[in-house]
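22 is the number of the first residue of the sequence shown in the numbering used here; add one for each residue after it. Don't be surprised by glycine CBs; every beta carbon is placed ideally from N, CA and C. All of these numbers come straight from a predicted model, not from anything done at the bench. Heads up: the structure comes next, in structure tokens.
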Amino acid sequence: MNPLTSVKGMRDILPPSSAVWNQVEAAARRIFARFNYREIRTPILEETALFARGVGEETDIVSKEMYTFEDRDGTSLTLRPENTASVLRAYIQQRLDQEPGVHKLYYIGPMFRRERPQKGRYRQFYQIGAEAIGSDSPAIDAEVIQMVLAILDEVGIAGYKLLINSVGSKESRARYNEILREALREAAPQMCGDCRRRAETNPLRVLDCKVPEDQPIIEKLPSILDSLDESDREHFRRVREFLDDLGIRYTVNPRLVRGLDYYARTTFEVTHGALGAQNAILGGGRYDGLAEILGSKVPAPGIGFSIGEDRLVMTAEEAQAMTPAVLDLYVAPMGEAALRHALVLATEIRKTGISVEVSTDRKLKRMLEIANKTGARYTLIIGDNEIASQSYTLKNMATGEQTSATRQKLLEHTQWLK
Ligand code: HAM
22 MNPLTSVKGM RDILPPSSAV WNQVEAAARR IFARFNYREI RTPILEETAL
72 FARGVGEETD IVSKEMYTFE DRDGTSLTLR PENTASVLRA YIQQRLDQEP
122 GVHKLYYIGP MFRRERPQKG RYRQFYQIGA EAIGSDSPAI DAEVIQMVLA
172 ILDEVGIAGY KLLINSVGSK ESRARYNEIL REALREAAPQ MCGDCRRRAE
222 TNPLRVLDCK VPEDQPIIEK LPSILDSLDE SDREHFRRVR EFLDDLGIRY
272 TVNPRLVRGL DYYARTTFEV THGALGAQNA ILGGGRYDGL AEILGSKVPA
322 PGIGFSIGED RLVMTAEEAQ AMTPAVLDLY VAPMGEAALR HALVLATEIR
372 KTGISVEVST DRKLKRMLEI ANKTGARYTL IIGDNEIASQ SYTLKNMATG
422 EQTSATRQKL LEHTQWLK
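See the structure below:
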């Protein structure tokens, strides 16, 4: 029998990489706190209708990528492919609209899309995301964009590119859809099957097509910016003005309609050259009107983003932006009595806040080898003599220097841990 393996496109995150994941998340949480965003945790399973209605039936996500199954009572459930619809569902269900102010929420967790796995694309992947719900002010758009860039800076990532666009209000989009439908009457027969279908059902989604042969045709289609009404134009102008005030550099890309139906007005993406084909490190935008689609009687305009954490970690690792945590002290006890002594001593030293591992190996040579290989900073050797004299041998693994250390000195680690 072959050993069992993980499901295709779903991976294990192992040390030392898991430490980078933790550091990236800690960096994001620091920035969220500075912008007064608080954490929301929603279920990983939702009723299928939430995504079908929220994200849109004609999107790639809903039409071919969701993990959907029937619960034992016949309810159709789906592993969340994204979290904005869930956060809005929670906002409406928990009546957060009754509390004053803009609700600023963030989340970190796994999402599921049955895409073709490749570098930077998985079937279980992780997002770090945020949603600001309760305002349509363009100042919020600029601040959300500023915050996501602050996370990239905090993680130590440079060389990214910010793309922005406006897909307009529902009415502007409906107008653009008609213009596109018209333009596609001639162009669509030369395009892929998905495009031919979408040219009829939801022409905007033709712009998401990734088929290389279709790209020159898509390039020539009319720009959505020409269909924006006066108030959309003004909104977008003010977003750009705020971004300029904040010194944020961006490129306007009128093809950036993003692959989810809920977007209205501002959309944005950040790409990074180090990522290869799947170069979007994050994406986001405004979704005024989504609350109503999900059945809310009260409007709840909002804007947010999701960072692909797998891609963020990959970029951070390539840039060596994070320093992995190392073990401070590896204790090598020689013999049974020394092991008993070591466990008690390690307990005391850990209380001073440093990391300590006690070896259960028997041979000193092997213990020193392990200390070396695992990158421990110091090794403490404990034998019968050391116990008798109450003084241990402390070895600096980087320099090889050995000193003797009493229990007291070990407990005042500022004296020796450099
Ligand atoms: P999205 O563009 O579908 O937007 O996903 C956001 C990011 O998640 C992508 O830019 C990418 O980095 C990452 N991502 C997506 N699919 C995968 C995958 N299969 N493997 C690895 N990473 C992936 C959303 O999900 C929206 N909820 C963003 C948003 C929040 N808009 C408003 N608020």
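Classify V319: buried if its beta carbon has 16 or more other beta carbons within 10 angstroms, exposed otherwise. exposed
Ligand 1 and T99: does the residue's C-beta get closer than 7 Å to at least one heavy atom of that ligand? no
Using a Cβ-based criterion (distance less than 7 Å to any ligand heavy atom), does I172 qualify as near ligand 1? no
By the 10 Å Cβ neighbour count, where 16 or more other Cβ atoms means buried, how is P24 classified, buried or exposed? exposed
From the DSSP secondary-structure annotation, give me the bridge partner or partners of M132. F146
Would you list, in sequence order, the uninterrupted alpha helix (DSSP H) runs of no fewer than 4 residues that lie entirely inside the segment 217–242? 236–240
Let's see if you can read the secondary structure: which residues bound the beta strand (DSSP E) around E290? T287 to H293
Under 8 Å, do R144 and G30 count as touching if we go by C-beta distance? yes
Among all the DSSP beta bridges, which residues are the ones paired with A301? T292
Alpha helix (DSSP H) segments (min. 4 residues) lying fully within the segment 341–371: 357–371
Can you tell me which residues form a DSSP beta bridge with I269? DSSP, once it has assigned bridges, lists no residue as partnering I269.
Going by DSSP, what residue range makes up the beta strand (DSSP E) through E339? E339 -> not in any beta strand (DSSP E); alpha helix (DSSP H) instead, spanning E330 to E339.
Please classify M22: is it buried, with 16 or more other beta-carbons within 10 angstroms of its beta-carbon, or exposed? exposed
Would you say D405 and A353 are within 8 Å of each other, going by their C-beta atoms? no
Just to confirm the assignment: which complete beta strand (DSSP E) runs, minimum length 3, are found wholly within the segment 42–112? 66–68, 89–91 and 97–100
Assigned secondary structure, N274 (DSSP; H/G/I helix, E/B strand, else coil): coil
Closest Cα partner of R137 within the set M87, S376, V123 and S97: M87
I185 - containing beta strand (DSSP E), residue span: Y181 to S187
Got a sec: does ligand 1 put a non-hydrogen atom nearer than 7 Å to the Cβ of S56? Going by the sequence as given, residue 56 is Phe instead of Ser. F56: no, Cβ never under 7 Å from ligand 1.
From what residue to what residue does the beta strand (DSSP E) around Y21 run? Examination of residue 21 is not possible in this model, given that the chain is present from 22 through 439 alone.
Would you list the one or two residues that DSSP bridges to V377? L350
Is T288 closer than 8 Å to R276 when the C-beta atoms are compared? no
Can you tell me where the beta strand (DSSP E) holding L417 begins and where it ends? The question names Leu, but residue 417 in the sequence shown is Asn. S412 to N417 is the extent of the beta strand (DSSP E) around N417.
Report yes if the C-beta distance between F53 and P102 is below 8 Å; otherwise report no. no
Neighbourhood of S107 by C-beta distance below 8 Å, restricted to the same chain and skipping five residues each side: T63, P64, E67, L71 and R101
Let me make sure I understand the geometry here. Which of P224, N43 and S84 has the alpha-carbon closest to that of R196? P224
What are the start and end residues of the alpha helix (DSSP H) that includes S248? Neither: S248 is in no alpha helix (DSSP H) and is coded neither H nor E.
Hey, could you find the ends of the alpha helix (DSSP H) S193 is sitting in? K191 to A208
Would G189 pass as a contact of D229 if the rule is Cβ separation under 8 Å? no
F326: CB within 7 Å of a non-hydrogen atom of ligand 2: This structure lacks ligand 2; the ligands present are ligand 1.
Keeping to the same chain, check which residues put their C-beta closer than 7 Å to that of W437; ignore five residues upstream and five downstream. L415, A426 and K430
Looking only at DSSP bridge pairs, what is S425 linked to? T414
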